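Student: Everything in the sequence shown is counted per full-length UniProt numbering, starting at 1 for the first residue and increasing by one. Backbone N, C-alpha and C fix where the C-beta goes; we use that ideal spot for every residue, glycine too. Just so you know, these numbers come straight off a predicted model, no measurement behind them.
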Amino acid sequence: MDFAVRMRNALIASTRGYFATTSDVIVSEYDVAYYSGEDFFDRKHRLNVHYHASPAAPPATSPTEEDQSPPTEEPSGDELRPKPKKLPVVVFIHGGGWKRGDRNYIFDAYNNFGKAIAAEGFVVVVPSYRLSIAVDGGVQHPKHWVKDNIGRYNGDEDMIFLSGHSAGGHLAALLALDTHYMADVGLEPELVKGVVGICGVYDLVTGYTRFLLRNLYLADAFGHDQAVLREASPVHHARSNAPPFMLFNAAMDFGLEDDSLRLRAELAARDGSVAHRSFPGTDHGSIIGLGPAWGRPYAPLVRETCAWLNKQIAAITDDRETKNDLRTEDEEQKQQRAEADEGEGSPAEAHEGSRSEADVMVLRAYGWE
Numbered sequence: 001m002d003f004a005v006r007m008r009n010a011l012i013a014s015t016r017g018y019f020a021t022t023s024d025v026i027v028s029e030y031d032v033a034y035y036s037g038e039d040f041f042d043r044k045h046r047l048n049v050h051y052h053a054s055p056a057a058p059p060a061t062s063p064t065e066e067d068q069s070p071p072t073e074e075p076s077g078d079e080l081r082p083k084p085k086k087l088p089v090v091v092f093i094h095g096g097g098w099k100r101g102d103r104n105y106i107f108d109a110y111n112n113f114g115k116a117i118a119a120e121g122f123v124v125v126v127p128s129y130r131l132s133i134a135v136d137g138g139v140q141h142p143k144h145w146v147k148d149n150i151g152r153y154n155g156d157e158d159m160i161f162l163s164g165h166s167a168g169g170h171l172a173a174l175l176a177l178d179t180h181y182m183a184d185v186g187l188e189p190e191l192v193k194g195v196v197g198i199c200g201v202y203d204l205v206t207g208y209t210r211f212l213l214r215n216l217y218l219a220d221a222f223g224h225d226q227a228v229l230r231e232a233s234p235v236h237h238a239r240s241n242a243p244p245f246m247l248f249n250a251a252m253d254f255g256l257e258d259d260s261l262r263l264r265a266e267l268a269a270r271d272g273s274v275a276h277r278s279f280p281g282t283d284h285g286s287i288i289g290l291g292p293a294w295g296r297p298y299a300p301l302v303r304e305t306c307a308w309l310n311k312q313i314a315a316i317t318d319d320r321e322t323k324n325d326l327r328t329e330d331e332e333q334k335q336q337r338a339e340a341d342e343g344e345g346s347p348a349e350a351h352e353g354s355r356s357e358a359d360v361m362v363l364r365a366y367g368w369e
């Protein structure tokens, strides 16, 4: 499925040029290239990164020659300063019906949502991707970007979440559930620690039966082949070991709440961790900052997204600490057993220590000692 491949490639590319802006809270780097081949100048091969402008945040520029000078004998204050804690990463995929829009869409709504999440202590990546129409050139397969480069923004490459709105919600869910997209480029499906779907399209087969969705979006993007539509539907890739899902919907959402409920049912049937929430008084655009919202994402959506993400992070962190404690305990027990064995000595040595003086004299007399 080309769109998921394109979106995956936005996650796994190499960095080139960018420009950065800084507010009181957020550093934003725009136009970071994630492909270096002949289509390098394609604006769809760019992404934006938003992260917290705190003392823990890394500088927006590359190291200078002075920064790279040999270390002195005495460590500087900077060297003695504790390393900042890495921040969890959210890759937010924009919507647009697979045929329009990009990371810098009208009112800058997608970046504003990313900045709002970043302000709560996350590194947020907002990529563009090639769309279904008016596209020249093939799908690109650049190297790993988020996994290999997010550390320069103080992001934790082992704590990556996916999110997306509308068509972007579909792509986020498909990347997380259909494991071949990650496997094809050597990434483990476990790279994705959770998914926040916002008004996503998760069942293309059922969606095809809706006149407007079929004729305005699905037919152009996916064609009419039912097998293709099924293969591209996240509901048909639900699996028992899927990452946790949080599914949000607007109150007026073109019937897409049914998609969320269907995906929730499929994941829950496989003992998956999945939750759903609908926001009264919102529509498909206003929930993310489009239309009358003028670029302002719905505050309760931001708040509940961060709350859910933090809950998952706490669970993952607790699990890691438990495993580390068990590993440490096992190593300590092995060390104690080794020390005990060394203290007791070998059986022969133990037997030697138990001989009486008379036994030793007899053994020596017969030449057995």
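Does the Cβ-Cβ distance between residue 247 and residue 274 come in under 8 Å?
Tutor: Yes; because the gap between Cβ atoms is below 8 Å, this pair is in contact.
Student: Between the C-alpha atoms of residue 109 and residue 190, what's the straight-line distance to the nearest angstrom?
Tutor: Residue 109 and residue 190: Cα-Cα distance of roughly 29 Å.
Student: I need the DSSP call for residue 311, collapsed to helix, strand or coil.
Tutor: It is helical.
Student: Do you know how far the Cα of residue 307 is from the Cα of residue 152?
Tutor: If you take the alpha carbons of residue 152 and residue 307, they lie about 25 Å apart.
Student: Rounded to whole angstroms, what's the CA-CA distance from residue 29 to residue 120? Just pull it up for me.
Tutor: One C-alpha to the other measures close to 18 Å.
Student: Going by beta carbon distance, what residues of the same chain come within less than 6 Å of residue 101, once the five residues before and after it are set aside?
Tutor: Hits under 6 Å: 94.
Student: How about the stretch 329-341 and the stretch 267-281: do they share at least three Cβ pairs that are nearer than 8 Å?
Tutor: As far as the Cβ criterion goes, the stretch 329-341 does not touch the stretch 267-281, which means the pair count is below three.
Student: Are the beta-carbon atoms of residue 316 and residue 159 separated by less than 8 Å?
Tutor: Contact: yes.
Student: Which residues in the same chain have their Cβ closer than 6 Å to the Cβ of residue 290, if we skip the five residues on either side of it in sequence?
Tutor: If we look at residue 290 and ignore the five residues flanking it on each side, its Cβ neighbours are 109.
Student: What three-state label does DSSP hand residue 283 in the structure shown?
Tutor: Three-state result, residue 283: strand.
Student: For residue 92, count neighbouring C-beta atoms within 10 Å of its own C-beta (all shown protein chains included) and say buried if the count is 16 or more, exposed if not.
Tutor: The residue is buried, with at least 16 neighbouring Cβ atoms inside 10 Å.
Student: If I'm right that residue 176 touches residue 187 with Cβ under 8 Å, what's the distance once you round it to whole angstroms?
Tutor: Their Cβ separation, rounded to whole angstroms, is 12 Å, which puts residue 176 and residue 187 out of contact at 8 Å.
Student: At the level of alpha carbons, what is the spacing between residue 97 and residue 292?
Tutor: If you take the alpha carbons of residue 97 and residue 292, they lie about 19 Å apart.
Student: Just mark residue 264 as buried or exposed, buried being the case when its beta carbon has 16 or more other beta carbons within 10 Å.
Tutor: The residue is buried, with at least 16 neighbouring Cβ atoms inside 10 Å.
Student: Does residue 137 pass the burial test, meaning 16 or more other C-beta atoms within 10 Å, or should it be called exposed?
Tutor: The predicted position of residue 137 is uncertain, since its pLDDT is 41 and thus under 50; no value can be drawn from it.
Student: Would you say the stretch 212-222 touches the stretch 236-245, given that touching needs at least three Cβ pairs under 8 Å?
Tutor: Segments in contact, no.
Student: Among 231, 283, 277 and 233, which residue has its Cα nearest to the Cα of residue 254?
Tutor: If we check each option's Cα against that of residue 254, 283 comes out closest.
Student: For residue 264, which of helix, strand or coil comes out of DSSP?
Tutor: DSSP places residue 264 in helix when its eight states are reduced to three.
Student: CB-CB under 7 Å to residue 281, same chain, minus the five flanking residues each way: which ones, in chain order?
Tutor: Correct list, in chain order: 251.
Student: Mind checking residue 65: buried by the 16 CB within 10 Å criterion, or exposed?
Tutor: Because residue 65 sits at a pLDDT of 39, beneath the cut-off of 50, its placement in the model cannot be relied upon, and the following sentence gives the value as read from the coordinates. Residue 65 comes out exposed.
Student: Around the C-beta of residue 224, are 16 or more other C-beta atoms found within 10 angstroms, so that it is buried, or is it exposed?
Tutor: Its Cβ having fewer than 16 others within 10 Å, residue 224 is exposed.
Student: Taking residue 249 as the reference, which of 124, 305, 231 and 206 has the closest Cα?
Tutor: Closest by alpha carbon: 305.
Student: Tell me which residue opens and which closes the beta strand (DSSP E) that residue 196 is part of.
Tutor: That run of the beta strand (DSSP E) goes 192-198.
Student: Roughly how far, in whole angstroms, is the beta-carbon of residue 200 from the beta-carbon of residue 164, given that I think they are within contact range, below 8 Å?
Tutor: Indeed they touch by this definition, with Cβ atoms about 7 Å apart.
Student: Can you find the residues in the same chain that come closer than 8 Å, C-beta to C-beta, to residue 89, ignoring five residues on each side of it along the sequence?
Tutor: So the list reads 122, 123, 124, 125, 146, 150, 155, 156, 157, 159, 160 and 161, once near-sequence residues are dropped.
Student: From what residue to what residue does the beta strand (DSSP E) around residue 90 run?
Tutor: Start and end: 87-93.
Student: As a quick exercise: from 32, 27, 174 and 173, pick the residue whose alpha carbon is nearest that of residue 117.
Tutor: When each option's Cα is compared against that of residue 117, the closest is 27.
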